[in-house]
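Enquirer: Here it is, the structure in full.
There are 2 protein chains.
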Amino acid sequence: MNIKMSFAASTVLLSIALGLVFAGTEVRSQSAASDHPQYSNGKLVRPESYREWVYLSSGLGMSYSPNANPNPLFTNVFVPQWAYRQFVATGKWPEKTMFVLEERSSETKGSINKGGRFQTELAGLAVEVKDQTEFPDKWAYFSFSGEAKEAPPNPKQSCWACHDANAAVEHSFVQFYPTLKPVAEKFGTYRKQADTIAPEH
Amino acid sequence: MNIKMSFAASTVLLSIALGLVFAGTEVRSQSAASDHPQYSNGKLVRPESYREWVYLSSGLGMSYSPNANPNPLFTNVFVPQWAYRQFVATGKWPEKTMFVLEERSSETKGSINKGGRFQTELAGLAVEVKDQTEFPDKWAYFSFSGEAKEAPPNPKQSCWACHDANAAVEHSFVQFYPTLKPVAEKFGTYRKQADTIAPEH
């Protein structure tokens, strides 16, 4: 930097530099708003950007029943980057973590494919939220009907009770997320009996 | 800002502000290094952070043959955030795009699950790269054996020829990525005949 730079010139540069810093802060804040739970009159607002979150795993036709489903759905699970990074660092989900469970239809025949199944249109969207500030039971569950922009919490006896009884890390089914299971085991947050549950649901 | 601030004080503040800007740039550059292709003596270096990239879709046991596989693999596809954003904005994959195809074993019985299939351990890792600077054929394909840290390009007559003949957008199978298919259709980059190919492979 030219040390003979005038006061005026340095002030202009300072303003530009601070502007860049604040602009960066603003971009981060906007991004953060959409990957934390937002509520409207007690309903959860549909998280629109979850396809850019971190993917945890998929299942196809996962079921409590051994009967084969002729039209199985794929289920894809996503969490926000900020929550994923905290889990990797601690083995625990931070307050305000959201899990999106996306259901997609499946097909066998299409283009060059003749065997197995691939994913097609959206068939359902459910969200699990860890939010002790909003919910006395800490975890809450929402099912978005069709393209609904908001969803009320589901009754406690459905999702909540099953997650409470069977999930490996608090209310999350880390037993089905192969990259996170060793993380939770390392930090001692993995409930080992979740692997060997005899299902009653 | 106090307009009576001395030249020295404004210079200090300017330095701090610029430092913050440069620090931000450095963080982005480090992140960018791992989501662009890196080569070592003509081999591709294994991309280690792909599980934090954007997920495109999964298949289970996808095959050119209608015969059922008793132990089907899940295949999960990921691309870096920067390439995904450019595709969403233009319908085209930018130079240096990497696609990771992750294979995972599947199981039916585990924890509370009795039907369908869920993902378990890593079974394979393949990468497709669009890199005209490195490869005269523009697209190159790599299969990482086990936990190998580097992989040489595969022969042209395997992956390259099939992608060239059958993929919907250049060499990428967007016909199997349900959120990107409408993007490519909107931008006119979708090869419609990819939907109705009679497979010969």
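Note that the protein sequences, when read in sequence, are chains H and U. Start counting the first sequence at 1; every next residue gets the next number (the working numbering). Start counting the second sequence at 1001; every next residue gets the next number (the working numbering). Ideal Cβ positions, reconstructed from N, Cα and C, are used throughout, including at glycine.
1. Report the option in H/LEU60, H/GLU128, H/PRO80, H/TYR177 whose CA atom is closest to the CA atom of H/PHE74.
2. Hey, would you say U/GLY1110 sits closer than 8 Å to U/LYS1186, going by beta carbons?
3. Taking 8 Å as the CB-CB limit, is H/LYS149 close to chain U?
4. Ignoring anything shorter than 3 residues or poking outside the stretch 93-177 of chain H, list the beta strand (DSSP E) runs there in chain order.
5. Mark U/THR1196 as exposed unless 16 or more other C-beta atoms lie within 10 angstroms of its C-beta, in which case mark it buried.
6. If you drop the 5 nearest sequence neighbours on each side, which residues of the same chain put their C-beta closer than 8 Å to that of U/SER1040?
7. Quick check: the Cα distance between H/TYR190 and H/PHE142, rounded to an integer number of angstroms?
8. For the stretch 1044-1073 of chain U, which residues have a beta carbon sitting closer than 8 Å to at least one beta carbon of chain H?
9. Unbroken alpha helix (DSSP H) runs of length 4 or more, entirely within the stretch 24-94 of chain H: which are they?
10. How close, in whole Å, do the beta carbons of U/VAL1088 and U/LEU1056 come, if the pair is a contact with beta carbons under 8 Å?
11. Return no unless some Cβ of chain H is closer than 8 Å to the Cβ of U/SER1111.
12. Note down, in chain order, all residues in the stretch 1115-1132 of chain U with a beta-carbon under 7 Å from any beta-carbon belonging to chain H.
13. According to a CB-to-CB cut-off of less than 7 Å, which residues of the stretch 151-184 of chain H neighbour chain U?
14. Going straight from the alpha carbon of U/GLU1102 to that of H/GLN157, what length do you get?
15. Is U/THR1196 helix, strand or coil when you go by DSSP?
16. Exposed or buried, U/LYS1192, counting other C-beta atoms within 10 Å across all chains shown (16 or more means buried)?
17. Determine whether the beta carbon atoms of U/GLY1116 and H/SER63 lie at a separation below 8 Å.
18. Let me make sure I understand the geometry here. Which of H/ASN71, H/VAL129, H/GLN132 has the alpha-carbon closest to that of H/SER105?
19. List the residues of chain U that H/ALA194 touches, going by C-beta distances under 8 Å, in chain order.
20. Applying a beta-carbon distance threshold of less than 7 Å, which residues of chain U neighbour H/ARG104?
21. Could you tell me how far apart the beta carbons of H/ALA184 and H/ALA168 are, in whole angstroms, since I believe they sit closer than 8 Å?
22. Taking all protein chains shown into account, decide if U/GLU1107 is buried (16 or more other Cβ within 10 angstroms of its Cβ) or exposed.
23. To the nearest angstrom, how far is it from the Cα of U/ASN1154 to the Cα of U/GLU1128?
24. Assuming H/TRP82 and H/ASP131 form a contact by the criterion Cβ under 8 Å, report the distance between their Cβ atoms to the nearest whole angstrom.
25. What residues in its chain sit with their C-beta under 8 Å from that of H/ILE3, if we drop five residues either side in the sequence?
26. Would you say H/ASN41 lies against chain U (beta-carbon separation less than 8 Å)?
27. Report all residues from its chain with a CB closer than 7 Å to the CB of H/LEU180; omit the five preceding and five following residues, and keep chain order.
28. With a Cβ-Cβ cutoff of 8 Å, do U/PHE1099 and U/SER1172 count as a contact?
29. Is it buried or exposed for H/PRO47, if we count other Cβ within 10 angstroms and need 16 for buried?
30. Give me the Cα-Cα distance between H/GLY146 and H/ASP137, rounded to the nearest whole angstrom.
31. Check whether the Cβ atoms of H/TRP53 and H/PRO94 sit closer than 8 Å, and answer yes or no.
32. Would you report the Cα separation of U/TYR1177 and H/PHE135, rounded to the nearest angstrom?
33. Could you tell me the distance, in whole angstroms, from the CA atom of U/LYS1043 to the CA atom of U/ILE1112?
Expert: Taking the coordinates as given:
1. H/LEU60
2. no
3. no
4. 98-107, 115-130, 139-144
5. exposed
6. GLU1150
7. Looking at the two C-alpha atoms, the distance is approximately 25 Å.
8. ARG1051, GLU1052, VAL1054, TYR1055, SER1057, SER1058, GLY1059, LEU1060, GLY1061, MET1062, SER1063, TYR1064, SER1065, PRO1066, ASN1067, ALA1068, ASN1069, PRO1072
9. DSSP runs (the alpha helix (DSSP H)) wholly in the stretch 24-94 of chain H: 81-90.
10. With a Cβ gap of about 12 Å, U/VAL1088 and U/LEU1056 do not count as contacting.
11. yes
12. Going along the stretch 1115-1132 of chain U in chain order, one finds GLY1115, GLY1116, ARG1117, PHE1118, GLN1119, THR1120, GLU1121 with a Cβ nearer than 7 Å to chain H.
13. Going along the stretch 151-184 of chain H in chain order, one finds ASN166, GLN175, PHE176, PRO178, THR179 with a Cβ nearer than 7 Å to chain U.
14. 37 Å
15. helix
16. exposed
17. A Cβ-Cβ contact shorter than 8 Å links U/GLY1116 with H/SER63.
18. H/ASN71
19. SER1111
20. PRO1178
21. 7 Å
22. Exposed, by the Cβ-count rule.
23. 10 Å
24. The beta-carbon distance between H/TRP82 and H/ASP131, rounded to whole angstroms, is 15 Å. This is too long to meet the 8 Å contact definition.
25. A caution first: H/ILE3 carries a pLDDT of 42, below 50, which makes its placement in the model unreliable, though a value can still be read off. Closer than 8 Å at Cβ, skipping near neighbours: no residue.
26. no
27. The beta carbon of H/LEU180 lies closer than 7 Å to those of LEU56, PHE87, VAL174 in the same chain, with the five residues before and after it left out.
28. Yes, Cβ-Cβ distance for U/PHE1099 and U/SER1172 is below 8 Å.
29. buried
30. 27 Å
31. Taking C-beta atoms as the reference points, H/TRP53 and H/PRO94 fail to come closer than 8 Å.
32. Per the coordinates, the alpha-carbon of U/TYR1177 lies some 36 Å from the alpha-carbon of H/PHE135.
33. The alpha-carbon of U/LYS1043 is positioned some 43 Å away from that of U/ILE1112.
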